[in-house]
Amino acid sequence: MMFRYFYIFILSFATVFASLLLSGLFSSGRPAAVHVIYSIPLYMCSFAFLLTTFAHALFSSPGRILGRLPILLSLSFLAAGYWMGGLMSYSLEAVVTEGQRIVMPGSEGVFRPVYVGKYARIPQITLTLNDLRPRTIPENEEALSHVEARFMIQGQDGSEINIELNSRNGFSIKGYRVSIKGLGYSPRYELKGSDGIVLDSSFVYLGLFPHGREDFFRLLSPLTYYISYYPEAGDRPYFNVRVVRNRDVVYNGQVPLGGGFDFENASMFFPEIRRWTKIRVDGNPGRPFLAMGLVMLLVAGIVEFRGRARREGGGINDA
Amino acid sequence: MGRESGKTGIYHLIAVCAGVILAFALAMDLAGERALYHMRFNLGMIDREPIKEDLIRTVKQFDRMYVALFTSGGEYANLNDMPAANSLKRRLVQDVNSWILKGRILSHDRHALNIRKVEIIKSDFATVETDENWVLLLRSRETGKRLGSQKQNLIKVRYILTDKGGVWNVLDFEVYAPDSPVPPLSKAWMRGK
């Protein structure tokens, strides 16, 4: 009986604790679900639950331990899958532009870790985004339906694989999963001094989709560059550009793609623009154990249910 | 039998209550010292009008100190009192310094500030949208004489504010032309851009 109260206590605690954290009731925002699922209190709950189950099987009805073995094994697999997930899984995100090649895990700032377990083994791969195509819904060309992409993935051993994926479905290969999400534009700017020499040039990834949506970037100066992009406008796509120096609007006008504008003894040009998407690489070595544990639990549950039904049916007949 | 099942029911209830209480206590402890405030805000138990007044006061104080910073041409003694994030203060100081290097002061005079909209998005994140009329005048830092003519700037501004330990600070401000619509706030701000 004591075991039952302890089960109830653990389940109540785990359910309420996870719900409170996921709801963000005590904070100003919601944490990522993965950080809640793999938190220390929930680890301890899973450990306590498993320990209690084994103790219950050993001490409450030791004679029936063989009959309880399938359930004990399935719970062990589930626990192992959960712990492995927490300690060894990883999820990394990066923004990648058409034609760009990125290395994982690579240098800092390229891939942003969403979650990396303490003992995670991140594969060393090189990803090249060869092609990116937005697909809009037929009724509204500004509403994004999904994004399609072609990647080339090169492993550390030099093997290459070309994959096609879209933002609705990921692609699983060699123990990890690749998925994409979202779309934006990366214009390349060229900042020139009054003498025409290029001072700085780079791609800058901005949230410029749907078309007309504004985003901004800053360089090493007090100036802020606000930009929106209209690719389908007439003969030539153009940008709406507004350059602001704190409260002073220094420039406000239209700039065609490939063109430029003058401001404050300098000029800026936008020679080209590319599309970007966010790529996510996930890996969880605990997944096979979780799957195995669920299947075994289902089978054990059916066997237990049928065994009980037979016992109760035999009792009635004997009477 | 009835008493036994009654006792069992009570013990079940105690087990559930103990689990729930421990979960609440641990979740609040992990959330930090403002957990109760966030809970009351998220449940709609806090009057938002005083918060809106506080936000407007913060924006006006920020504007006053902004004007003093530029017009004084490099007096940073009161910079700590400016209700602004350090990254924003650095940008303003950088601008002031760039004028000082040229021997100039860009004095600011605000002729109008109309609060258009105050929006409290989260318990520690808010925006204030204004219509503003600024007059900018370049002066010599040495003599104080006017250099060139005044420039009038009619602008729309969206201030982005965060609450740190009960004090609102301006994290950044976005400037728009008067005839441009103010677009929806970028989600990157909420993720901590």
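Chains P and F supply the protein sequences, listed in that same order.
Taking our numbering, the leading residue of the first sequence gets 144, the next gets one more, and so forth.
Taking our numbering, the leading residue of the second sequence gets 8, the next gets one more, and so forth.
Even glycine gets a Cβ: it sits at the ideal position worked out from N, Cα and C.
- Among the residues facing chain F, asparagine 395 of chain P is included, as its CB has a counterpart in that chain under 7 Å away.
- Using a CB distance below 7 Å, the part of the segment 38-49 of chain F facing chain P consists of Ala38, Ala42, His45, Met46 and Asn49, ordered along the chain.
- Look at asparagine 93 of chain F here: in three-state DSSP terms it is helix.
- Shown here for alanine 434 of chain P: same chain residues with a beta carbon closer than 8 Å to its own, the five before and five after excluded, namely Gly224 in chain order.
- With respect to chain P, the C-beta atom of methionine 72 of chain F has no partner C-beta closer than 7 Å.
- For valine 159 of chain P, there is no enclosing beta strand (DSSP E); the residue is found in the alpha helix (DSSP H) stretching over 145-166.
- Residues Ser130 of the same chain have their beta carbon placed closer than 6 Å to that of phenylalanine 48 of chain F, with the five preceding and five following residues left out of the count.
- Sequence-distant partners of glycine 355 of chain P (beyond 5 residues in either direction) whose C-beta falls short of 7 Å from its own C-beta, in its chain, are Ser371 and Tyr373.
- For serine 337 of chain P, no CB of chain F lies under 7 Å from its own CB, so it is not counted at the interface with that chain.
- Annotation: Cβ neighbours of serine 171 of chain P in chain F (cutoff 7 Å, chain order): His45, Lys129, Ser130, Asp131 and Phe132.
- In this model, isoleucine 180 of chain P and threonine 367 of chain P are separated by some 40 Å (Cα to Cα).
- Valine 164 of chain F and glutamine 157 of chain F have their C-alpha atoms some 21 Å from each other.
- The three-state reading of DSSP puts valine 347 of chain P in coil, since its state is none of H, G, I, E or B.
- At a cut-off of 7 Å between C-beta atoms, aspartate 391 of chain P counts as an interface residue with respect to chain F.
- Taking a Cβ-Cβ threshold of 7 Å, the residues of chain P close to asparagine 160 of chain F are Arg390, Asp391 and Val392, in chain order.
- Between leucine 221 of chain P and leucine 440 of chain P the beta-carbon gap is near 7 Å, inside 8 Å, which marks them as a contact.
- DSSP places arginine 388 of chain P within a strand segment (E or B) once states are collapsed to three.
- With respect to chain F, the C-beta atom of serine 329 of chain P has no partner C-beta closer than 7 Å.
- Look at the beta carbons and you see the segment 225-245 of chain P touching the segment 258-273 of chain P: at least three pairs across the two are nearer than 8 Å.
- Counting along the chain, no beta strand (DSSP E) covers serine 79 of chain F; the unbroken alpha helix (DSSP H) around it starts and ends at 56-79.
- For phenylalanine 202 of chain P, the secondary structure class from DSSP, reduced to helix, strand or coil, is helix.
- With a threshold of 7 Å between beta carbons, aspartate 186 of chain F makes no contact with chain P.
- At a Cβ-Cβ threshold of 7 Å, valine 27 of chain F and valine 386 of chain P do not count as neighbours.
- Less than 7 Å separates the beta-carbon of glycine 327 of chain P from that of glycine 350 of chain P.
- Burial state of serine 337 of chain P is exposed, judged by a 10 Å Cβ sphere holding fewer than 16 other Cβ atoms.
- Chain-ordered listing is empty here: chain F has no CB closer than 9 Å to the CB of tyrosine 381 of chain P, the nearest sitting near 16 Å.
- Scanning P/Arg361, P/Pro353 and P/Ser170 for the CA closest to the CA of valine 347 of chain P turns up P/Arg361.
- Collapsing the DSSP output to three states places phenylalanine 190 of chain P in a helix.
- For leucine 334 of chain P, there are no neighbours in chain F by C-beta distance under 7 Å, as the nearest C-beta there is about 16 Å away.
- For alanine 25 of chain F, the chain P residues whose C-beta falls within less than 7 Å of its own C-beta are Phe152, listed in chain order.
- Judged by beta-carbon spacing, leucine 62 of chain F lies within the 7 Å limit of tryptophan 175 of chain F, meaning their Cβ atoms are closer than that value.
- The alpha-carbon separation between histidine 178 of chain P and alanine 75 of chain F amounts to approximately 45 Å.
- Secondary structure at glutamine 243 of chain P: coil, using DSSP grouped into helix, strand and coil.
- Between isoleucine 296 of chain P and serine 310 of chain P a beta carbon distance of about 17 Å is seen, past the 8 Å cut, so the two are scored as non-contacting.
- Residue F/Tyr166 holds the alpha-carbon nearest to the alpha-carbon of asparagine 121 of chain F among F/Pro191, F/Arg55 and F/Tyr166.
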